[in-house]
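If you count by our numbering, then the sequence shown holds residues 2 to 319, one letter each, in order. A short write-up of the structure that comes next.
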Amino acid sequence: MRNIKINSILNLLEELSQQMETSIDNDRLYFPSKYGSGFIQKKEFGDGLIFQEEKFVIYEDMVLTRSIEQQEDYLSLYFLIHSPLLTYNPKSKDWAQQKLLFFDKDYTFNQYYPAYLNIHQYHLFIHKNKLKEIGERFEFPLPIYQHYLKEQGWLFQASHSIEIRNLIKELEQLQLNDPIQKSLFHQKLESLILWSLKSISENTERSSNKMYQQDLQIVLEVGNLLLQDHENSISIQELINRYAIGERKLQRLFKAHFGESMNSYKKRMKLEQGKQMLEQGLFSITEVSYQLGYSSPSHFSKIFKDHFGESPNSFTNN
2 MRNIKINSIL NLLEELSQQM ETSIDNDRLY FPSKYGSGFI QKKEFGDGLI
52 FQEEKFVIYE DMVLTRSIEQ QEDYLSLYFL IHSPLLTYNP KSKDWAQQKL
102 LFFDKDYTFN QYYPAYLNIH QYHLFIHKNK LKEIGERFEF PLPIYQHYLK
152 EQGWLFQASH SIEIRNLIKE LEQLQLNDPI QKSLFHQKLE SLILWSLKSI
202 SENTERSSNK MYQQDLQIVL EVGNLLLQDH ENSISIQELI NRYAIGERKL
252 QRLFKAHFGE SMNSYKKRMK LEQGKQMLEQ GLFSITEVSY QLGYSSPSHF
302 SKIFKDHFGE SPNSFTNN
């Protein structure tokens with residue numbers, strides 16, 4: 002199990018570089034082979050905007066702890082492109098629903114990443130003064146963004162709107178080493194912030210779209226425990242006793258954040274992890290089935306086919 006701690010937004014890459022024992026090249030950190038593959042790239046724009054792309058797969062279970070120690074006054078926008086840990090839409094053809102998360106500077110959490118899951122997300126840090134400046138410049142209704150400048154310990158979430166998806170696609174086509182394209186990139190980031198605020202404000206009437214830190218921490222820890230429980234030894238009763246929370250409330254909060262029940266989440270995540278392990282060609286079907294706690298390869302294959310509509314053999318590189 003790898004443990005990574007993030008204590009600063011401004012020095013995030015440097016902290017990761019030190020803990021992973023790797024270097025940073027042109028604001029990009031490549032994962033060492035002992036950790037996995039992929040990269041995290043950061044770009045600072047000097048006016049209160051920091052853009053970060055995270056695209057990686059890890060080869061060992063990892064726990065990421067975010068705990069900002071010094072006040073930096075940055076809010077965080079996460080655009081989840083491919084992140085099975087936090088996104089699910091059973092009505093979508095794509096199991097990983099694209100999702101938007103917006104939380105404040107004081108949000109602390111532990112996130113467990115199982116090995117071999119592909120993660121792709123964009124992270125936009127916005128200084129509170131920048132958010133206020135953008136809101137005033139574009140004459141955005143004050144109540145929509147003023148709330149985010151005052152209250153602490155919150156998380157909002159919403160699905161990507163069509164406008165957000167289109168802006169992300171446009172950002173992906175721009176090259177930051179070209180001055181003109183960099184300027185266009187910056188303009189689109191500001192538009193992305195506005196559309197994100199609009200998307201969130203349109204969903205604020207739904208209480209499930211807002212979650213405070215204490216509740217989120219419980220939900221994430223429960224999710225982490227479920228993902229590590231290959232022996233199926235954890236019961237609902239144990240969870241509600243451990244966190245002193247009612248069963249109804251726990252079930253409601255869990256579904257609000259993850260989009261599905263605890264049993265469904267655990268089953269889906271095990272199968273998704275198995276699918277990606279097979280796709281990467283690192284393990285046989287037999288090895289995957291036993292690593293994930295299934296009683297036999299045939300049992301794993303049956304459940305796998307019921308879920309994905311195809312046998313595990315369809316996802317091997319052999």
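Glycine is no exception: its CB is placed at the ideal position from the N, C-alpha and C atoms.
- S77 and P298 have their alpha carbons spaced roughly 42 Å apart.
- Minimum Cα-Cα distance from K133 among the listed residues E164, L118, L198, R243 corresponds to L198.
- Under DSSP, G260 shares a beta bridge with no residue.
- Note on geometry: alpha-carbon atoms of N12 and N178 lie some 22 Å from one another.
- By DSSP's assignment, Q53 forms a beta bridge with K43, H124.
- Taking C-alpha positions only, E61 is separated from M278 by approximately 12 Å.
- Look at D26 here: in three-state DSSP terms it is strand.
- Taking 8 Å as the cut-off, the Cβ atoms of V289 and L254 do not count as close.
- In the same chain as K268, and ignoring 5 residues on each side of it, no C-beta atom comes closer than 7 Å to its own.
- A contact between stretches requires three or more CB pairs, one per stretch, nearer than 8 Å, and the segment 52 to 72 meets this requirement with the segment 29 to 44.
- Annotated three-state conformation of Y36 is coil, per DSSP.
- The DSSP assignment places complete alpha helix (DSSP H) segments of no fewer than 4 residues inside the segment 269 to 302 at 286 to 292, in order along the chain.
- A check of alpha carbon separations from K151 across F104, P180, L175, Q188 identifies F104 as the nearest.
- In the structure shown, M21 falls within a helical segment according to DSSP collapsed to helix, strand and coil.
- Boundaries of the beta strand (DSSP E) around F157: 155 to 160.
- With fewer than 16 other Cβ atoms from the protein chains shown falling within 10 Å of its own Cβ, L143 counts as exposed.
- Per DSSP, L102 is not a residue of any alpha helix (DSSP H); the beta strand (DSSP E) it occupies stretches across 100 to 104.
- Taking one beta carbon from each stretch, the segment 179 to 186 and the segment 107 to 125 have fewer than 3 pairs nearer than 8 Å; the two do not touch.
- For N4, no alpha helix (DSSP H) encloses it; the enclosing beta strand (DSSP E) starts and ends at 3 to 7.
- In this structure, L195 keeps its C-beta atom at 8 Å or more from the C-beta atom of F110.
- In this structure, DSSP gives Y79 an extended state, which the three-state scheme calls strand.
- Put simply, of M263, E22, G282 the residue whose alpha carbon is nearest the alpha carbon of S236 is M263.
- For V64 and I5, the gap between their C-alpha atoms comes out near 6 Å.
- According to the DSSP assignment, L227 belongs to the alpha helix (DSSP H) that extends over 214 to 229.
- By DSSP's assignment, Q71 forms no beta bridge with any residue.
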